[in-house]
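Which chain is which? The protein sequence lines are A and B, in order.
First residue of the first sequence: 1, per UniProt numbering; consecutive thereafter.
First residue of the second sequence: 1, per UniProt numbering; consecutive thereafter.
Working notes, beginning with the structure itself.
Protein chains: 2
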Amino acid sequence: MGALPPRDPSDNAVLSPDGNTDGRKVTISVIAQEAGVSVPTVSRVVNGRSDVAPDTRRRVEQLLNRYGYNRRALRTQAKPSARLIDLVFNDLDSPWAVEIIRGIEDVAHNAGLGTVVSATHREPVAARQWLQNLRARASDGVILVNSDLDSPVQEELRRLNVPMVVVDPVGGSPRNTPTIGATNWAGGLSAVEHLTELGHRRIGFISGLRQMLCSRARMDGYRAGLEAAGITPDDALIREGDFYHESGFHGGRALLELDDPPTAIFASSDTMAFGVYEAVRQRGWRVPDDVSVVGFDDLPETRWSSPPLTTVRQPLAEMGALAARSLLRLAAGDTIESPRVELATDLTVRESTVPPRRSSG
Amino acid sequence: MGALPPRDPSDNAVLSPDGNTDGRKVTISVIAQEAGVSVPTVSRVVNGRSDVAPDTRRRVEQLLNRYGYNRRALRTQAKPSARLIDLVFNDLDSPWAVEIIRGIEDVAHNAGLGTVVSATHREPVAARQWLQNLRARASDGVILVNSDLDSPVQEELRRLNVPMVVVDPVGGSPRNTPTIGATNWAGGLSAVEHLTELGHRRIGFISGLRQMLCSRARMDGYRAGLEAAGITPDDALIREGDFYHESGFHGGRALLELDDPPTAIFASSDTMAFGVYEAVRQRGWRVPDDVSVVGFDDLPETRWSSPPLTTVRQPLAEMGALAARSLLRLAAGDTIESPRVELATDLTVRESTVPPRRSSG
Numbered sequence: 001m002g003a004l005p006p007r008d009p010s011d012n013a014v015l016s017p018d019g020n021t022d023g024r025k026v027t028i029s030v031i032a033q034e035a036g037v038s039v040p041t042v043s044r045v046v047n048g049r050s051d052v053a054p055d056t057r058r059r060v061e062q063l064l065n066r067y068g069y070n071r072r073a074l075r076t077q078a079k080p081s082a083r084l085i086d087l088v089f090n091d092l093d094s095p096w097a098v099e100i101i102r103g104i105e106d107v108a109h110n111a112g113l114g115t116v117v118s119a120t121h122r123e124p125v126a127a128r129q130w131l132q133n134l135r136a137r138a139s140d141g142v143i144l145v146n147s148d149l150d151s152p153v154q155e156e157l158r159r160l161n162v163p164m165v166v167v168d169p170v171g172g173s174p175r176n177t178p179t180i181g182a183t184n185w186a187g188g189l190s191a192v193e194h195l196t197e198l199g200h201r202r203i204g205f206i207s208g209l210r211q212m213l214c215s216r217a218r219m220d221g222y223r224a225g226l227e228a229a230g231i232t233p234d235d236a237l238i239r240e241g242d243f244y245h246e247s248g249f250h251g252g253r254a255l256l257e258l259d260d261p262p263t264a265i266f267a268s269s270d271t272m273a274f275g276v277y278e279a280v281r282q283r284g285w286r287v288p289d290d291v292s293v294v295g296f297d298d299l300p301e302t303r304w305s306s307p308p309l310t311t312v313r314q315p316l317a318e319m320g321a322l323a324a325r326s327l328l329r330l331a332a333g334d335t336i337e338s339p340r341v342e343l344a345t346d347l348t349v350r351e352s353t354v355p356p357r358r359s360s361g
Numbered sequence: 001m002g003a004l005p006p007r008d009p010s011d012n013a014v015l016s017p018d019g020n021t022d023g024r025k026v027t028i029s030v031i032a033q034e035a036g037v038s039v040p041t042v043s044r045v046v047n048g049r050s051d052v053a054p055d056t057r058r059r060v061e062q063l064l065n066r067y068g069y070n071r072r073a074l075r076t077q078a079k080p081s082a083r084l085i086d087l088v089f090n091d092l093d094s095p096w097a098v099e100i101i102r103g104i105e106d107v108a109h110n111a112g113l114g115t116v117v118s119a120t121h122r123e124p125v126a127a128r129q130w131l132q133n134l135r136a137r138a139s140d141g142v143i144l145v146n147s148d149l150d151s152p153v154q155e156e157l158r159r160l161n162v163p164m165v166v167v168d169p170v171g172g173s174p175r176n177t178p179t180i181g182a183t184n185w186a187g188g189l190s191a192v193e194h195l196t197e198l199g200h201r202r203i204g205f206i207s208g209l210r211q212m213l214c215s216r217a218r219m220d221g222y223r224a225g226l227e228a229a230g231i232t233p234d235d236a237l238i239r240e241g242d243f244y245h246e247s248g249f250h251g252g253r254a255l256l257e258l259d260d261p262p263t264a265i266f267a268s269s270d271t272m273a274f275g276v277y278e279a280v281r282q283r284g285w286r287v288p289d290d291v292s293v294v295g296f297d298d299l300p301e302t303r304w305s306s307p308p309l310t311t312v313r314q315p316l317a318e319m320g321a322l323a324a325r326s327l328l329r330l331a332a333g334d335t336i337e338s339p340r341v342e343l344a345t346d347l348t349v350r351e352s353t354v355p356p357r358r359s360s361g
């Protein structure tokens, strides 16, 4: 990944309506003329400033959108690039986050950009504070990591028109925003295939946060894996989690307390799988002798859990790196051909899964 | 933590030689006059630019130092604050890092500053690239987290005279650079006191990286704890680690293979303690039945290891938050009264420690 090409500050050429740079070039003054406003007013709209009358803003934005206007090229006229990427998490409280940061920082650092890390804690106030900071520092782009931003903040981000990439989208992402995810459905399928091949028929499942697309995809993969082995999914074997240890512990305990407990449990994150380990231990059982456990993520520590965890690897650092590279391309005015990318997941078999030793229904 | 007070761009008042702002005010033009150079030349020195003759630089720097010159106040004359903090790690590969980031981001975010996270991987090339990026983005300050920067980079940082705070210093830090650490010696002592109170006499130890001050302090605390219980430290029970899982595993395995293995092992990090867990499991033993294990850090996942880990808590997020607050004060021109702060460590007893059940020499 090389550095961004240096920008010519006089370059205010923008995309033509068909997204083809060979087409008619549109400049800020053309937009101003068509909108019947001054050039500074168009600049204010482009820069997302609030001191523009709503009607005027709407008119200018319609023109900007009609011409597929690349506002970044324009913004660089006003002030030099800050050479920053803004990376936004809901929370910074998981080893998962550091993997993503690592992948992004690596690419950004080599390109001469700083990676500004923020957490919004799902609080509208914190998100608005972040947005205000973002505007002040004129970042080159934003990477949102399964961020739950409320509508006003999303609307404001669109108005700023900063290049944006979403990692692991929560739900539907705005059109034209590239998203980077993993093949969660295939990952869920591969976990269950591994367990059914070992002979397990009664396989518990602990989901991630229901509102997240990746959670749904993993559960659908789980169901598909069961059905592929001729097993009818049983809702009594499914518990809802939130990706964190504690929910894995409670989900695992509930499953183990069933009259006919599962012989294997597939948790939708490694941290929840470790919660299941603890539920197994507290019951006086052992992993994998009494219960096999599969996780999802392949965090570095899974190699060192006791026993080492069989898990579905999603390439978090690579997802981060790809997000950063995509963002740099957007910032340079390129278009992204495939705006929805899913990197492959891969089952890593370690020592937490063996053939079932208890008999089960 | 409130926002930085707004700076008056005309405020080029600086500290008098006794560090008291009530004293004589010194301006950039006074320095220029005394040095017999132009005001722009002084500015170039203040801003760390290289286009100044070495002799001139030396003369100006001597005057700046003599007057205890607060260069930041000056730099703000030249360009507006970037509202950024630069946070530098050696590596972004541990759950430990995310705790530090969380503490810093929280304070910075509320103060309207962005936290730029970088990793230098102990590579001079990466460190120089970071320094170049730092200059381009005109950060308000730098937080180094046990960073191993080589001398040229350290020298350049001093020349830039950006406010700086060091978290968990590797070795001796530059004079006048505030450092934030934890009471590592007392933490080591408390771990061993807990084990000797349980009745352990043969206690193994796995150190952190030898060149780090915190590693030395933990080991000295370990030795002091043994001696306080009337036990002569035995070098055969000490293994060197590097804070990561694998070194804990190897150190733990070596200790367990001794003819007279220890009944308890104190590892200088939680991740190494988990490596010990795995060594215990592979030997066919169990924690804590056969070997008690104590870690250091109290990472969030220690609550959920099997069994939950007894460990010395160091308040990583609070250390990060204090570093950020100290940096904001430096950036605002305040002085820090106590430049060497150690936050208290605290033993958290969970389920990995019990009285010894095997007899030992």
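Don't be surprised by glycine CBs; every beta carbon is placed ideally from N, CA and C.
Check the C-beta distance from residue i over to residue j and give it rounded, since I have them as a contact under 8 Å.
i	j	result
B/Val294	B/Thr310	5 Å
A/Ser306	B/Arg357	With a Cβ gap of about 19 Å, A/Ser306 and B/Arg357 do not count as contacting.
A/Leu92	B/Ile101	6 Å
B/Ser147	B/Val98	Rounded, the Cβ-Cβ distance is 17 Å, inconsistent with contact.
A/Pro339	A/Asn176	7 Å
A/Leu226	A/Val192	6 Å
residue 367 of chain A	A/Val116	Look at the range of chain A in this structure, 1 to 361, and you will see that residue 367 of chain A is not part of it.
B/Ile203	B/Gly252	Going by Cβ atoms, the distance from B/Ile203 to B/Gly252 rounds to 13 Å, so no, they are not a contact pair.
List, in order along the chain, the chain A residues whose C-beta lies closer than 7 Å to that of residue i?
i	result
B/Leu92	Val98, Ile101, Arg102, Glu105
B/Val117	Ile101, Glu105, Thr115, Val117
B/Trp285	The contacting residues do not exist; B/Trp285 stays about 11 Å from chain A at best.
What residues from chain B crowd round residue i, counting only those whose CB sits closer than 7 Å?
i	result
A/Asn146	Ordered by position in chain B, no residue passes the 7 Å Cβ test against A/Asn146, which lies about 16 Å from the chain.
A/Glu278	Trp304, Ser306
Does any CB atom of chain B fall closer than 9 Å to the CB of residue i?
i	result
A/Asp86	yes
A/Ser190	no
A/Ser292	no
A/Ile229	One point to set straight first is that residue 229 of chain A is Ala, not Ile, in the sequence displayed. No, no contact with chain B.
A/Glu156	no
A/Gln62	no
A/Trp185	no
A/Pro356	no
Report the neighbours of residue i on chain A: residues whose CB is nearer than 9 Å to its CB, in chain order.
i	result
B/Val167	Correct list: empty, because the minimum Cβ distance to chain A is about 16 Å.
Can you pull the chain A neighbours of residue i, defined as C-beta to C-beta under 8 Å?
i	result
B/Glu301	Pro95, His245, Thr271, Phe274, Glu301
residue 378 of chain B	Residue numbering for chain B in the displayed model covers 1 to 361; residue 378 of chain B lies beyond these limits and cannot be assessed.
B/Ala136	Arg83, Gly112
B/Asn133	Arg83, His109, Gly112, Leu113, Gly114
I'd like to confirm the pairing. Which residues does DSSP put opposite residue i in its beta bridges?
i	result
B/Ala264	B/Ile203, B/Ser292
A/Gly114	A/Leu84
A/Phe89	A/Ala119
B/Ala53	Note: B/Ala53 sits in no beta bridge, so no partner.
A/Val349	None, per the DSSP bridge assignment.
A/Ala254	BP columns for A/Ala254 are empty, so no partner.
A/Ala182	A/Leu343
B/Val312	B/Phe296, B/Leu347
B/Glu197	In DSSP, B/Glu197 forms no bridge with anything.
B/Arg239	B/Ile206
At the 9 Å Cβ level, is residue i part of the contact set with chain A, yes or no?
i	result
B/Leu256	no
B/Val162	no
B/Gln314	no
B/Gln77	Its pLDDT being 39, under 50, B/Gln77 is placed unreliably in this model, and the value from its coordinates should be taken loosely. B/Gln77 does not count as touching chain A.
B/Pro308	yes
B/Arg59	no
B/Pro9	Residue confidence is low: B/Pro9 scores 32 on pLDDT, short of 50, so the model does not pin down where it sits. Its coordinate-derived value is still stated next. Chain A, which has no Cβ nearer than 9 Å to the Cβ of B/Pro9, makes this no.
B/Gln129	yes
So residue i contacts chain B; which residues on that side make the cut at Cβ distance below 9 Å?
i	result
A/Ala126	His109, Asn110
I want to verify the contact list: residues of chain B whose CB lies under 8 Å from the CB of residue i, in sequence order.
i	result
A/Arg281	Ser306, Pro307
Would the beta-carbon of residue i be found less than 8 Å away from any heavy atom of the ligand ADP?
i	result
A/Leu87	Only the bare structure without any ligand can be found here, which leaves the ligand ADP out of the picture.
> Fully enclosed by the stretch 117 to 180 of chain B, which alpha helix (DSSP H) runs are 4 residues long or longer?
Replying inline: 124 to 137, 151 to 160
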